[in-house]
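>
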Amino acid sequence: VSASTIDRDYVERFGKRGGKSIEDAKQLGKFLAEKALAKGIKNVVFDRGGFLYHGKVKAFADAAREGGLNF
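Residue numbering for the sequence shown follows our numbering, starting at 56 and increasing by one per position.
(1) Alpha carbons only, please: which of V112, V100, N125 is nearest the one belonging to I77?
(2) Could you round the C-beta distance between A58 and L87 to whole angstroms and report it? I think they count as a contact, below 8 Å.
(3) Would you kindly work out how many angstroms separate the C-alpha atoms of K71 and G104, rounded to a whole number?
(4) Under DSSP, the alpha helix (DSSP H) around R120 begins and ends at which residues?
(5) If you draw a straight line from the alpha carbon of V56 to that of G123, how long is it in whole angstroms?
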């Protein structure tokens, strides 16, 4: 499962494309969690790719957890 701010479903739902704010990261995290849970995926591994765990990365991860994913 993947999610992006340029994903057609994301754009239709949130009405914008390519957001780069912390709020956009939160929306994307919740969106990814919904897509994963719909496919029966509950447990995931979060690889931050060397980025520090703060700001947008933290907002994304926290929102995905709030959405029901287990890291």
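All C-beta atoms in this analysis are idealised placements derived from N, C-alpha and C, irrespective of residue type, glycine included.
If we stick to the structure as given:
(1) V112
(2) 4 Å
(3) 26 Å
(4) 111-121
(5) Distance from the CA atom of V56 to the CA atom of G123, rounded to whole angstroms, is 15 Å.
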